[in-house]
Amino acid sequence: MRNLFIVANWKENKTKEEAKEWMREFHKVYQKRDNVTVIICPSFLSLPTVSDYALSNDLGVEVGAQNISVFNTGAHTGEVSASQVAELARYVIVGHSERRKNGETDEQVSEKINNAILCVQNQNIQVPDGAKIVAYEPIEAIGTGNPDTPENAEKIAKEIKMKNSWVESVLYGGSVTSQNVSTFTNMEEISGVLVGGASLNPNEFSEIIKNA
Ligand code: PGA
């Protein structure tokens, strides 16, 4: 069976208390699937809450951050380093369009690439050597309720893999819901989904995992 990644990107949502509440609700409805890696990406501040809950309840999900510093540990006020994140999370999202819009460059993205879920907005964005998981997220599809067509996402996934032989998995992101998830995951070249809005509700997110 094909392996899939289903990623919840909570963005700048949820306090620690709300994150815990989401985990409790999700725990009630989540049905683990052998071929699916579920990755929950809360804010930095909720990483311990989500990671502790997942570990102590043996929930069977991975935890991811939404960013890391380009710098190694040191005198960099306000930054969070990869080694700090690694204590709590095995994955990190980098290069999201919502960060590139605020000035994140290709060079900065390449510094962050180890173990990252690299977001690209089209097939022409640079994919640094070593990036294994890429999420194709067309800007027009993010948070709009207008996802790309599965056929186009498939075409772009194929192109990304052809251009960058080191890429192992291409995910699709942009207005994914429990209703449309399988149209993407049924595509041969698409190995999962990155979910924003619809991941904020634990029941909807567990439906997405079920239907993928
Ligand atoms: P969306 O966001 O699912 O709310 O469209 C996806 C993302 O930005 O990663």
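My numbering puts the first residue of the sequence shown at 1418, with every later residue one more than the last. Every residue gets a Cβ at the ideal spot worked out from N, C-alpha and C, and that includes glycine.
Residue i and residue j closer than 9 Å at C-beta
i     : j     : result
K1431 : W1439 : yes
V1453 : F1422 : yes
V1551 : V1584 : yes
S1468 : A1425 : no
Residue i at chain C interface by Cβ criterion, 9 Å
i     : result
V1487 : Note that chain C does not occur in the displayed structure, where there is just one protein chain.
Span separating the alpha-carbon of residue i from that of residue j
i     : j     : result
N1474 : V1526 : 34 Å
K1627 : T1490 : 39 Å
K1518 : I1556 : 11 Å
W1427 : K1572 : 27 Å
Y1447 : S1608 : 20 Å
E1624 : A1570 : 22 Å
Q1543 : D1523 : 7 Å
F1461 : I1530 : 18 Å
K1549 : N1539 : 17 Å
A1615 : A1574 : 22 Å
P1567 : T1494 : 42 Å
S1586 : A1492 : 35 Å
I1534 : Y1553 : 10 Å
M1604 : A1499 : 33 Å
F1601 : N1620 : 20 Å
S1582 : G1547 : 10 Å
Own chain partners of residue i with C-beta closer than 7 Å, once the 5 adjacent residues on each side are dropped
i     : result
S1463 : K1431, K1433, A1436
P1564 : A1558, G1591, S1592, V1593, N1597
V1632 : Residue 1632 is absent from the model: the chain starts at 1418 and stops at 1629.
Residue span of the alpha helix (DSSP H) that contains residue i, given as start and end
i     : result
S1623 : 1619-1628
S1500 : 1499-1503
T1600 : 1598-1602
V1526 : 1523-1528
I1456 : Careful: I1456 lies outside any alpha helix (DSSP H), inside the beta strand (DSSP E) at 1453-1458.
Endpoints, the beta strand (DSSP E) within which residue i is located
i     : result
L1376 : With the chain covering 1418 to 1629 only, the question about residue 1376 has no answer from this structure.
N1426 : 1421-1426
Close beta carbons around residue i, own chain, < 6 Å, minus the five adjacent residues each side
i     : result
M1418 : N1452
E1528 : V1487
G1512 : V1526, L1535, C1536
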